[in-house]
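Numbering-wise, the UniProt record's numbering puts 930 at position 419 of the sequence shown, and it's gapless, one number per residue. Built from N, CA and C at the ideal position, the CB exists for glycine as well.
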Amino acid sequence: ALRLAAQSRAVDEVLAPLRLSRADLEKVQALMRQEMDRGLCKETNPTASVRMLPTYVTHTPDGTERGDFLALDLGGTNFRVLVVRVTEEGITMASEIYVIPATIMQGTGEALFDHILDCIIDFQMKQNLVTQMLPLGFTFSFPCQQVGLDKALLLTWTKGFSASGCVGKDVVQLLRDAAKRKQHLGMQVVALVNDTVGTMMACGYDDPKCEIGLIVGTGTNACYMEEMKNVGTVEGDQGRMCINMEWGAFGDNGCLDHLFTQFDKVVDETTINPGKQRFEKLISGMYLGEIVRQILMAMVEKQLLFKGRPCPKLQTRNIFQTKFLSTIELNGLALRQIRAILNELELDASFEDSVLMREVCQAVSLRAAQLCAAGLAAVVEKMRESRGLDQLSVTVGVDGTLYKLHPCFSDNLQKTLKDLAPKCNVTFLLSEDGSGKGAALVAAVADRAA
Ligand code: ADP
512 ALRLAAQSRA VDEVLAPLRL SRADLEKVQA LMRQEMDRGL CKETNPTASV
562 RMLPTYVTHT PDGTERGDFL ALDLGGTNFR VLVVRVTEEG ITMASEIYVI
612 PATIMQGTGE ALFDHILDCI IDFQMKQNLV TQMLPLGFTF SFPCQQVGLD
662 KALLLTWTKG FSASGCVGKD VVQLLRDAAK RKQHLGMQVV ALVNDTVGTM
712 MACGYDDPKC EIGLIVGTGT NACYMEEMKN VGTVEGDQGR MCINMEWGAF
762 GDNGCLDHLF TQFDKVVDET TINPGKQRFE KLISGMYLGE IVRQILMAMV
812 EKQLLFKGRP CPKLQTRNIF QTKFLSTIEL NGLALRQIRA ILNELELDAS
862 FEDSVLMREV CQAVSLRAAQ LCAAGLAAVV EKMRESRGLD QLSVTVGVDG
912 TLYKLHPCFS DNLQKTLKDL APKCNVTFLL SEDGSGKGAA LVAAVADRAA
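Rendered as structure tokens:
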């Protein structure tokens, strides 16, 4: 029993830096709020870690939108072309997935957009949509400096794309140029949409209170409806505009350094963008498995796991997938499944090892959910304040596999948010097929407003 007590003290010591107090979270919330304000102000924007990009989306759906729209979804796992029909009865969609070969992703911009046009033309033929000129919404999930609803300069490629001659260019114009080259008259590009905005709009069609979009998948990001009078980076004071926060970069100016553990630092240093996307690296699916792996290696080293036997397999990057956290944290069957995962790692794990492993996963995913909640608390409190309300009732449209499939992430997020923003009544709505539907709705709402 004495040895067990010593062991559990040693475990607590390893995990202590990951456990955030209420005061820690309040500080994160305050820092996020400060960075939001700095990002919205024209003078301080260039040095803010959240970019607070204007999207030129000024209204969420009100249910009166009608029409047939084309939508493109580029920048997620697949490239898709969709037709979205918005009628009195609701929304119906048909879509097709197209492959973009690596040679085209990394070739010339002209070849990339020609390929996209070929896919659109093929799709319109198959769907018998060749005789009409359809408005098109383009979900383009790469960072863009938007200067209008249909004008957005690509800041940088990510996710394996590197097509030449695109960075700094207006992506909508590149698509229109390709249509011209192909003499294709069947579409009219009306909007370029970030995936967070698409998620908010798709959920906004079902719930008019949805004025926030949240993604917790490979990465994390959020958008929300801000008062125009607070948006110093765009002319005009009337109404609202959706702001793409690019909150994954929160902390890139060092303001979150005090939260980074030795494990987080190692994970950051081994990415292709060290020092960048600091907030995202504590929260999203691309990193949580890696953080757990670092902790497990430290515990093996301290002889707290596997009876002190070395575990060479754990040295392999990405061997501990984020979906393992979901399996391991699930109750009931879990202990047996934990052993199955451990066996895959060629480990002979005892019951105690499984319990410890679950504790590690819980610490990492709880921290992620709490940090996400602190960020959201800053958003909803800012919205409540700017609207002069004692109580704000708002809905968050959410997408992303980590949020959707992890057994505790959403509960922990919602519980922490309630605690940090008690004056806000926040509902979460899962987005179904948000990026395609959302892009069409942005086009539809622009059409309605015009
Ligand atoms: P994207 O954000 O690129 O659109 P997804 O929303 O599908 O993609 O998220 C992919 C991320 O989700 C990956 O980082 C992966 O590790 C993580 N993931 C996949 N399955 C699970 C799961 N069962 N539980 C938690 N995370 C998962």
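By Cβ distance below 7 angstroms, which residues in the same chain neighbour residue i in space, the five residues on each side in sequence not counted?
i	result
V777	Q805
A559	E546, R549, G550
R577	V597, T598
A687	For the record, residue 687 in the displayed sequence is Arg; it is not Ala. For R687, where only same-chain residues beyond five positions count, the Cβ hits under 7 angstroms are V700.
K553	G743, T744
R751	T569, M736, E737, E738, M739
Q902	K934, N936
L928	A884, L887, A888, V937
G759	G730, T731, N732, Q788, F790, E791
L696	M644
Would you say the beta carbon of residue i is closer than 6 angstroms to some non-hydrogen atom of the ligand ADP?
i	result
G911	yes
G578	no
residue 462	Because the chain here runs from 512 to 961, residue 462 falls outside it and cannot be looked at.
S837	yes
G796	yes
K538	no
H695	no
K948	no
G728	yes
K834	yes
R583	Rather than Arg, the amino acid found at residue 583 in this sequence is Leu. L583: no, Cβ never under 6 angstroms from the ligand ADP.
L841	no
L900	no
A531	Looking at the sequence shown, residue 531 is not Ala but Leu. L531 Cβ: outside cutoff for every heavy atom of the ligand ADP.
L916	yes
In the DSSP assignment, find the beta strand (DSSP E) that holds residue i and state where it starts and stops.
i	result
V701	698-704
S560	Note, S560: premise wrong, no beta strand (DSSP E); not H, not E.
F624	Note, F624: premise wrong, no beta strand (DSSP E); alpha helix (DSSP H) at 620-637.
R751	751-755
A860	Note, A860: premise wrong, no beta strand (DSSP E); not H, not E.
D584	578-585
Below 8 angstroms on the Cβ atoms is my contact criterion, and I expect residue i with residue j to pass it. Report the Cβ-Cβ distance as a whole number of Å.
i	j	result
E722	T571	6 angstroms
S675	M616	That belief does not hold up - the Cβ atoms of S675 and M616 are roughly 11 angstroms apart, past 8 angstroms.
M604	D944	7 angstroms
I632	K693	7 angstroms
E840	Q814	No, E840 and Q814 are not in contact; Cβ-Cβ is about 25 angstroms, not under 8 angstroms.
L853	D717	Not a contact, Cβ separation roughly 42 angstroms.
G648	A888	Wrong, their Cβ atoms sit about 31 angstroms apart, outside the cutoff.
A689	F634	15 angstroms between Cβ atoms; not a contact.
L858	F831	Between F831 and L858 the Cβ distance is about 11 angstroms, and since that is not below 8 angstroms, they are no contact.
P821	V811	7 angstroms
E537	L931	7 angstroms
Taking 6 angstroms as the limit between beta carbons, can you name the residues of its chain near residue i, skipping five residues before and five after?
i	result
N923	L877, A880
V745	P565
C714	C721, G908, L940, S942
residue 1005	There is no way to answer for residue 1005, as the model of the chain reaches only from 512 to 961.
E607	V592, F634
E801	V778
Reducing DSSP to helix, strand and coil, say where residue i ends up.
i	result
V727	strand
F653	coil
I602	strand
A932	coil
Y716	helix
T927	helix
R596	strand
E870	helix
N741	helix
N732	strand
C883	helix
L647	strand
K662	strand
V907	strand
R591	strand
S675	strand
Terminal residues of the continuous alpha helix (DSSP H) containing residue i?
i	result
T938	Per DSSP, T938 belongs to no alpha helix (DSSP H); it is in the beta strand (DSSP E), 935-941.
L916	912-916
D779	773-780
S837	833-840
I611	Looking at the DSSP string, I611 is not in any alpha helix (DSSP H), and its letter there is neither H nor E.
R789	Neither: R789 is in no alpha helix (DSSP H) and is coded neither H nor E.
Q805	796-812
G765	Taken as a continuous stretch (DSSP letters only), G765 belongs to no alpha helix (DSSP H), as it is neither H nor E.
Under a CB-based cut-off of 7 angstroms, is residue i close to chain D?
i	result
R820	Here there is only one protein chain, and chain D is not present.
Could you name the residues of the same chain whose beta carbon sits closer than 8 angstroms to that of residue i, not counting the 5 residues immediately before and after it, in chain order?
i	result
C919	E840, Q873, S876, L877, A880
G620	A674, S675, G676, C677, K680, L685
V708	T566, V568, G724, C734, C753, N755, G949, V953
G786	D763, D779
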